Amino acid sequence: QEVDMQAQADGIRTVFSDPSNFNVKHPLYSPWTLWFDSPATKGRNLPQTPMTSFPQTPIPQTPGAAAAGGWMDDIKRVITFDSVEEFWGLYNHIVPPSQLPQKANYYLFKEGIIPAWEDDANKNGGKWSIQLPKEKNRNNVDKMWLYTMLAAIGETFDPYLTSGEATEPHPQSLITGVIVSTRPQFYRLSIWTRLAPSGGGEEDKLRERIETVGRHFKTSVLGYAEGQKLAGPLATEVEFLSHKDSEKKGKAAKKIVV
Amino acid sequence: GPLDLTSSKKDIPAGPQSALATARHIEDLSQIEYPQGIKSPSVELNANAKDKKFRYDREFLLQFMIICKEKPDHLPPLDVLGIEPVDQSSFAM
């Protein structure tokens, strides 16, 4: 086949043409870091493991990290990766959400952004989230989380990146990270965004961009119909809340629902 | 005098590095030809892609699932991090 001959000549071997001896991999739009916590990791000092050949990247000492300090102590950094091939290598060796203990969380965030409100990348943002009753969704949650991660690392959540409106060479994506949480009676999936509309009239564009993320999450990622009602016992709609409104407990929070 | 063993230690070859660790990043997605039956990444998503900032649709990404089985060598032992599956038999009820 002519094409393969050409590829051969160029010396380009993807994992599809040579699974054990490929020499190129598919870079991601951004590198990502997976974090984990559960009651079992609280207060646990990790034993020193012999990882001399791959020293772990220290947690960035940003003001945000310092502000979130105590809480971040219990969250364990699992791995940072920057290619499609490494993502799947990780995926094929890690425990899926349906098999995690209760009160566990995976946080998949862009490298350099810690999974906390206090991080500069998150402090003006918010999150889309959905809560799903555990019993009904034990068989769905792994696929939902996989599709959520794929939309995140593939950068297909944020329409702005391909809208043609972006003038900068590397338009910044709205997405900072995604989270799955296991609780005794439900699962929660969240998409964190860098910005959140504060309600001002000039923010129609941002609001539309945020809503497009939510609709993509609800229909393409989670597989629900647009307009489908999801709220019920232990279940919520796909809803957006800014982190600032989340902090004001009790006060009327301005939720966006898709 | 005592035997000098230092020289014998020098030539221990580092184990062959895995393809996963050594493969280089694709520079130009449009140059890549995929084998028959493999779908290429969405052209639309990468219309203005620059500097290896690529976006990938789910259909393309899912094709790697059954091929990329190699564990990244910088993945720490999961049990040390507390990532352990719960006993599946506890779901039996």
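Listed in order, the protein sequences are those of chains A and B. Take 1 as the starting number for the first sequence in this note's numbering and just add one per residue. Take 259 as the starting number for the second sequence in this note's numbering and just add one per residue. Every residue, glycine too, gets a C-beta built ideally from N, C-alpha and C. Bear in mind the structure is a predicted one, so any value in this text is a computation, not a measurement.
- For Y147/A, the enclosing alpha helix (DSSP H) stretches over residues 141 to 153.
- Below the 7 angstroms Cβ cutoff, chain A contributes no neighbours of V301/B, its closest Cβ being approximately 11 angstroms away.
- Following the DSSP letters along the chain, one finds A104/A inside the beta strand (DSSP E) bounded by residues 104 to 110.
- The three-state secondary structure of V95/A, taken from DSSP, is coil.
- DSSP places K127/A inside the beta strand (DSSP E), whose first and last residues are 126 to 133.
- Under the Cβ criterion of 8 angstroms, G214/A is not counted among the residues facing chain B.
- Pairing Y29/A with F186/A, the inter-Cα distance amounts to about 32 angstroms.
- DSSP, read as helix, strand or coil, puts F87/A in helix.
- Take W117/A, set aside five residues on each side of it, and the residues of its chain with a beta-carbon closer than 7 angstroms to its own are K123, H243, in chain order.
- Apart from the 5 residues on each side of it in sequence, D142/A sits with its Cβ closer than 7 angstroms to the Cβ of P96, P97, S98 in its chain, given in chain order.
- With fewer than 16 other beta carbons inside 10 angstroms of its own, N306/B counts as exposed.
- Rounded to whole angstroms, the separation of the alpha carbons of T193/A and Q172/A is 11 angstroms.
- Secondary structure at R138/A: coil, using DSSP grouped into helix, strand and coil.
- With a threshold of 16 other beta carbon atoms within 10 Å, P39/A falls short and is exposed.
- What D286/B touches in chain A, judged by beta-carbon distance under 9 angstroms, is nothing: the nearest beta carbon there is about 10 angstroms away.
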